[in-house]
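So the sequences go chain by chain: X and Z.
Counting from 275, one number per residue, gives the positions in the first sequence under this note's numbering.
Counting from 326, one number per residue, gives the positions in the second sequence under this note's numbering.
Beta carbons are placed, not taken as given, at the ideal position from N, Cα and C, and that holds for glycine.
In what follows, a single structure is set out as structure tokens and then discussed.
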Amino acid sequence: MSASKKISASNSRLRSLQRWGLLFLGPVVAAFIIGFVWPFIQGIYLSFCSFKLTSNAKFIGVANYLSAFADDSFRYSFGYTALTAIVSLVLINVIAFAVAYALTQGIKGSNLYRTVFFMPNLIGGIVLGYIWSMIFDGILSAYSTSILLDTTLGFWGLIILMCWQQIGYMMIIYIAGLQAVPEDMLEAARIDGATRWQTLTKVTIPNVMPSITICMFLSLTNGFKLFDQNLALTGGLPYIIQSDGSTVNTTEMLALNIYNTFYNSNTSMRGVAQAKAVIFFILVAGLGLFQLAYTRKREVQQ
Amino acid sequence: MFGKSITRRSFIGGAGLATIAGLAGCSSSSDSSSSASSSASGSDRKGSVYWLNFKPELDETAQKLASDYMSAYPNVKVKVVTAASGTYEQTLTSEMDKSAAPTLFVIGNQDGVKEWGDYAMDLKDTAIAKLLNTDEYDLYDASGKLVSIGYCFECYGIVANSKLIESAGHSLDDIKDFASLKTVVEDIHKNAATLGFDAFAATDLDSSSSWRVTGHLANLEYYYEEQDDGGWDKCPASIKGTYMENYKNLFDLAVNNGPVDPTTLATGGHDPATEFTDGKVAFLLTGSWDYANISKKQTETHCIPYYCGVKGEEKAGLNCGTENRWAINDNASDEDKQATMDFMVWLVSDPDASKAMVEQLGIMPYTGAAESTNGYLTDAVKYSSDGCYTMDWATNYQPNVDDYRAALVSALNAYTADESDANWALVKTAFVDGWATQYAKANA
Numbered sequence: 275m276s277a278s279k280k281i282s283a284s285n286s287r288l289r290s291l292q293r294w295g296l297l298f299l300g301p302v303v304a305a306f307i308i309g310f311v312w313p314f315i316q317g318i319y320l321s322f323c324s325f326k327l328t329s330n331a332k333f334i335g336v337a338n339y340l341s342a343f344a345d346d347s348f349r350y351s352f353g354y355t356a357l358t359a360i361v362s363l364v365l366i367n368v369i370a371f372a373v374a375y376a377l378t379q380g381i382k383g384s385n386l387y388r389t390v391f392f393m394p395n396l397i398g399g400i401v402l403g404y405i406w407s408m409i410f411d412g413i414l415s416a417y418s419t420s421i422l423l424d425t426t427l428g429f430w431g432l433i434i435l436m437c438w439q440q441i442g443y444m445m446i447i448y449i450a451g452l453q454a455v456p457e458d459m460l461e462a463a464r465i466d467g468a469t470r471w472q473t474l475t476k477v478t479i480p481n482v483m484p485s486i487t488i489c490m491f492l493s494l495t496n497g498f499k500l501f502d503q504n505l506a507l508t509g510g511l512p513y514i515i516q517s518d519g520s521t522v523n524t525t526e527m528l529a530l531n532i533y534n535t536f537y538n539s540n541t542s543m544r545g546v547a548q549a550k551a552v553i554f555f556i557l558v559a560g561l562g563l564f565q566l567a568y569t570r571k572r573e574v575q576q
Numbered sequence: 326m327f328g329k330s331i332t333r334r335s336f337i338g339g340a341g342l343a344t345i346a347g348l349a350g351c352s353s354s355s356d357s358s359s360s361a362s363s364s365a366s367g368s369d370r371k372g373s374v375y376w377l378n379f380k381p382e383l384d385e386t387a388q389k390l391a392s393d394y395m396s397a398y399p400n401v402k403v404k405v406v407t408a409a410s411g412t413y414e415q416t417l418t419s420e421m422d423k424s425a426a427p428t429l430f431v432i433g434n435q436d437g438v439k440e441w442g443d444y445a446m447d448l449k450d451t452a453i454a455k456l457l458n459t460d461e462y463d464l465y466d467a468s469g470k471l472v473s474i475g476y477c478f479e480c481y482g483i484v485a486n487s488k489l490i491e492s493a494g495h496s497l498d499d500i501k502d503f504a505s506l507k508t509v510v511e512d513i514h515k516n517a518a519t520l521g522f523d524a525f526a527a528t529d530l531d532s533s534s535s536w537r538v539t540g541h542l543a544n545l546e547y548y549y550e551e552q553d554d555g556g557w558d559k560c561p562a563s564i565k566g567t568y569m570e571n572y573k574n575l576f577d578l579a580v581n582n583g584p585v586d587p588t589t590l591a592t593g594g595h596d597p598a599t600e601f602t603d604g605k606v607a608f609l610l611t612g613s614w615d616y617a618n619i620s621k622k623q624t625e626t627h628c629i630p631y632y633c634g635v636k637g638e639e640k641a642g643l644n645c646g647t648e649n650r651w652a653i654n655d656n657a658s659d660e661d662k663q664a665t666m667d668f669m670v671w672l673v674s675d676p677d678a679s680k681a682m683v684e685q686l687g688i689m690p691y692t693g694a695a696e697s698t699n700g701y702l703t704d705a706v707k708y709s710s711d712g713c714y715t716m717d718w719a720t721n722y723q724p725n726v727d728d729y730r731a732a733l734v735s736a737l738n739a740y741t742a743d744e745s746d747a748n749w750a751l752v753k754t755a756f757v758d759g760w761a762t763q764y765a766k767a768n769a
């Protein structure tokens, strides 16, 4: 009797939990749907439409996607973005790991260094872009050139900016990973006579693979999604003026290309810009997931 | 246990209700604030006006006039939003999508008519159109609908500091054509060190200043070409570049006779307007909108035409036109359209309101509007009454204007870094072929 009462009481508690649980989830789910799911679905729908304002979109099928793929500047910016993302991915992670490794060796004042290295990450991208453009041009004007005049300079300028901004952030993640490497493993390696290099490659790095995974993921997606730094530093300049008067914006990355397509051109291009944005999403999501799956495999369980 | 579950339940229920109420409160707050103000009476005017202003320098005046109007007509709600510099198109796009869209907005050029003409009410024979004292600044669409009407006009050319020119041993009256302009400018530049000032302010090519050459100076090429064609009434599909040499004449003169190395113009940041107001240079490519600022510090300045080496240019006047054109949103309710119309009429005819507008904008082409005090507009009128031809703003036809100008900036950057013929050929490609390409894109 009392046992069945207990069961029904716990059942009713479970049921009431299920019922009220939905209410608890409500605000978050609503916000997520309003702020993300719905705009996302609408965005995909709009990429198949010709529209000036989102309220008067007209369905036109895949024409936008065909124009997007046929657009030279989009294809160019894809290649340029991929190059930027890969170069910055390698540089940021190698340097961030090196700095983190150095700062976990018990150097005096390492807390101060950590703070200093992290601080650039707190500055907004637009501000950074303008500050760095002043720094670069201050130097380059001595050579009668400017970051706006040379594609190579624009490329390396952006890489330097990205490294400067993101190394500190990745460093913090690596430091956390390095500090979590079990001391007994390191000690065992030492006792077994492993060199520093062997300890690093055979013990430390396999143990910080989770940090490497997350840092690679972040720097890869950051590289692909980069917008404000790109806009403020070069804005796509210099352009190659083709003989028919059309242009290829040689330092324009994907996000800026989409933005320029949407706003700078005539309004008939808005659907095309939207299609580019959907392609962009699929690309970034696909690459990010692939990279996650790949590096996850190399993580070790302690 | 039972009691506990009650409290928890009631707590959850209460919290849930509070959340929902909070969300509902958020969504309705904007509506309630707009309806709350329309309770008092005292006037037969009602409705709401939402003016999307595109001129940042007008914002302060516009906000004040809006509140003045609301205190005079308490049943009318006037809201003024000013788009940040260079973002008018973005702001208009998002605002027009809202249920409370702007009732009064700007369609400044033919590109705008193409994009937004469908949203504009036909202003033909309306109260505001009847007050216009010229039809020169009206824009029509292909069907003949009066889409937008000018609310002020501006003029530009080369602004010159006559006091400095005299102290260099010349006179502004000596400048009658390109040759005489070149003589004066090059002489001042040569003696800049002893004079203490230079000829041309830095013609920066960054986004804060590149319009001087990609928009305004370019007009001389379009204008003379337009004259050869017997006038344009719509955007031509291509241009010939007949007067590119003249554009180059004046561009070279401006960039090579200033205080800064031309190779630094791409980066910009020299603040040419301040150089001029501080008396460090004698010439600046600008126009009537700068008069209020300049006249605070430099009292003897005048605006002279773009002398560029074209035959008969002794008879040239200033470049006069406007991008300041009002359109009324056709999708607004009749009451709001009427309210907007009344508000516009008030802006151009009320003595205090039109005075405040004129102080910011220059001349307003309406009967009954206040007189202008703008020196450069006075110059423009004087040239015109002396029988000189006014150069209209053919620049307004630039197709896909942002993309077109961005390409031109890139080409000019390369040219100022290295003034070679090959680089000028690229400028010409961007200028002439770029027009046809952008036209084709815009009219695909």
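If you look at Z/Val752, you'll find it in the alpha helix (DSSP H) that goes Asp746 to Lys753. Per DSSP, reduced to three states, the secondary structure at Z/Cys633 is coil, with no helix or strand assignment. Boundaries of the alpha helix (DSSP H) harbouring X/Tyr387: Ser384 to Phe392, taken from the DSSP string.
Taking a C-beta distance under 9 Å as the contact criterion, Z/Ala607 and Z/Leu489 qualify as a contact pair. With a contact defined as Cβ atoms closer than 8 Å, Z/Asp661 and Z/Thr428 qualify at about 5 Å. Within the same chain, and ignoring the five residues on either side of Z/Gly593 in sequence, the residues whose Cβ sits closer than 7 Å to its Cβ are Asp529, Leu530, Asp531, Ser533 and Ser534. With respect to chain Z, the C-beta atom of X/Lys476 has no partner C-beta closer than 9 Å. DSSP lists no bridge partner for Z/Met569. Close CB contacts of Z/Ser505 within its chain, under the 6 Å cut and outside five residues either way in sequence, are with Asp499 (chain order).
Here the C-alpha atom of Z/Ser620 lies approximately 53 Å from the C-alpha atom of X/Phe343. Taking a Cβ-Cβ cut-off of 7 Å, Z/Gln435 has no neighbours in chain X, whose nearest Cβ is about 12 Å from it.
What Z/Gln415 touches in chain X, judged by beta-carbon distance under 7 Å, is Tyr537, going in chain order. Nearest neighbour of X/Val477 by Cα position, chosen from X/Thr495, X/Glu457 and X/Ile405, turns out to be X/Glu457. Annotated three-state conformation of Z/Tyr462 is coil, per DSSP.
Under the three-state reduction of DSSP, Z/Tyr481 is assigned to strand. Between Z/Ala426 and Z/Tyr549, the alpha-carbon positions lie close to 40 Å from each other.
Within the DSSP secondary-structure output, Z/Ile474 pairs in a beta bridge with Z/Trp651. Between the segment 416 to 424 of chain X and the segment 737 to 746 of chain Z there are three or more inter-stretch CB-CB distances shorter than 8 Å, so the stretches are counted as touching.
Chain order gives no chain X residues near Z/Glu550, where near means a beta carbon separation below 9 Å; the closest approach is about 16 Å. Nearest in C-alpha terms to X/Phe348, of all of X/Asn538, X/Met527 and X/Ala305, is X/Met527.
For X/Tyr533 and X/Ala547, the gap between their C-alpha atoms comes out near 7 Å.
At least 9 Å separates the CB of X/Asn531 from every CB of chain Z.
In this structure, the alpha-carbon of Z/Cys633 lies about 10 Å from that of Z/Glu546. Within chain Z, the residues whose beta carbon sits less than 8 Å from that of X/Ile515 are Ala732, Ser735, Ala736, Leu751, Thr754, Ala755 and Gly759, listed in sequence order. Spanning the alpha carbons of X/Ile369 and X/Phe429 requires a straight line of approximately 19 Å.
If the five residues before and after Z/Thr416 are omitted, its C-beta is found closer than 6 Å to the C-beta atoms of Ala408, all from its own chain and listed in chain order.
In the three-state scheme derived from DSSP, where H, G and I count as helix and E and B as strand, Z/His514 is classed as helix. Per DSSP, the unbroken beta strand (DSSP E) holding Z/Ala524 starts and ends at Asp523 to Phe525. Sequence-distant Cβ neighbours of Z/Lys680 in its own chain, meaning closer than 6 Å and more than five residues away, are Ala695. A contact is defined here as three or more CB-CB pairs under 8 Å, and the segment 313 to 326 of chain X fails this definition with respect to the segment 451 to 468 of chain X. In this structure, X/Leu414 is the residue among X/Trp438, X/Leu414, X/Ala551 and X/Ser485 with its C-alpha nearest to the C-alpha of Z/Thr588.
Between Z/Gly555 and chain X, the shortest Cβ-Cβ separation is not below 9 Å.
Taking X/Thr521 as the centre and dropping the five residues before and after it, the same chain places the C-beta of Ser347, Tyr513, Ile514 and Ile515 closer than 8 Å to its C-beta, in chain order. In this structure, the straight-line span from the alpha carbon of Z/Gly482 to that of Z/Ala598 is close to 14 Å. Z/Asn649 and Z/Gly433 have their C-alpha atoms spaced approximately 6 Å apart.
Apart from sequence neighbours up to five positions away, the residues of its chain that approach X/Tyr443 with a beta-carbon distance below 6 Å are Asn395, ordered along the chain.
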